[in-house]
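Remarks on the structure that follows.
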């Protein structure tokens, strides 16, 4: 069984640093970790404020594809912790932001909305990070617009509340302190890792994605 951890949040929320810190801690505890890096950086289409809806679909479906491939890689079964830099929640937030700016409804956004209820439950846990209080650094890829940053954060937060995900799979980490974030995350991860070790003994060939009840797919 693969333990699948999603990390979501708007730009300049410290996701990549957080993921690196968590992976380091898990590796020290003997857990093999696999990181799916932020897909947007390899997207061949316009991104950020200049993105098309096609850009958001490309990013979302590319990430889902990578998550599926990692989940069905038999070399990973029973021994790996998969960590994703962004989740379906981020993908939907950026697509909905596109709709808001264009003041139109698009089929592509509805596709991602329909995916949320199903795909978010393929994660064992999702950590939602709030934006860092420091100015957004220009790394040549991310947007430096603080207004858009807050808009994306608001959409992610509203989506979590609307689907009541904060009562189960999603855990919001409000602190922006680097060490504090890791400590809080490990409190949630410890029981999951213990359960994972028990499942390894069963040597199940099923992945996280396959263990979702069939009825949830058709709701």
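Residue numbers (the numbering used here): 476 to 694.
Idealized CB from N, CA, C, for every residue including glycine.
Exercise for review: Could you name the residues of the same chain whose beta carbon sits closer than 6 Å to that of residue 532, not counting the 5 residues immediately before and after it, in chain order?
Suggested key: 583
Check your understanding: CB-CB under 7 Å to residue 588, same chain, minus the five flanking residues each way: which ones, in chain order?
Key -> 567
Exercise for review: State the DSSP-derived secondary structure class of residue 507, mapped to helix, strand or coil.
Suggested key: strand
Practice item. Check whether the Cβ atoms of residue 538 and residue 511 sit closer than 8 Å, and answer yes or no. Key: yes
Check your understanding: Excluding five sequence neighbours on each side, which residues of the same chain lie with their C-beta closer than 6 Å to the C-beta of residue 599?
Key -> 478, 479 and 667
Exercise for review: Please confirm if the segment 624-640 is in contact with the segment 568-581, defined as three or more CB-CB distances below 8 Å between the two stretches.
Suggested key: yes
Review point. Helix, strand or coil: how does DSSP classify residue 527 here?
Key: coil
Check your understanding: For residue 565, which of helix, strand or coil comes out of DSSP?
Key -> helix
Point to revise | residue 486 classed as buried or exposed, judged by whether at least 16 other C-beta atoms fall within 10 angstroms | key: buried
Review point. Can we say the segment 612-619 touches the segment 494-502, given the rule of at least three CB pairs closer than 8 Å?
Key: no
Practice item. Indicate the three-state DSSP secondary structure (helix, strand or coil) for residue 533 in the structure shown. Key: helix
Practice item. Assign residue 605 to one of three DSSP states: helix, strand, or coil. Key: coil
Check your understanding: If we ignore side chains and look at the alpha-carbon of each, how far apart do residue 547 and residue 601 end up?
Key -> 20 Å
Review point. Can the beta-carbon of residue 490 be found less than 8 Å from the beta-carbon of residue 560?
Key: yes
Check your understanding: By DSSP, does residue 485 sit in helix, in strand, or in coil?
Key -> coil
Point to revise | Proximity winner among 482, 476 and 492, relative to residue 653 (alpha-carbon distances) | key: 492
Exercise for review: Work out the CA separation of residue 545 and residue 476 for me, nearest whole Å.
Suggested key: 12 Å
**Study point:** Alpha carbon of residue 605 to alpha carbon of residue 646, nearest angstrom
**Key:** 11 Å
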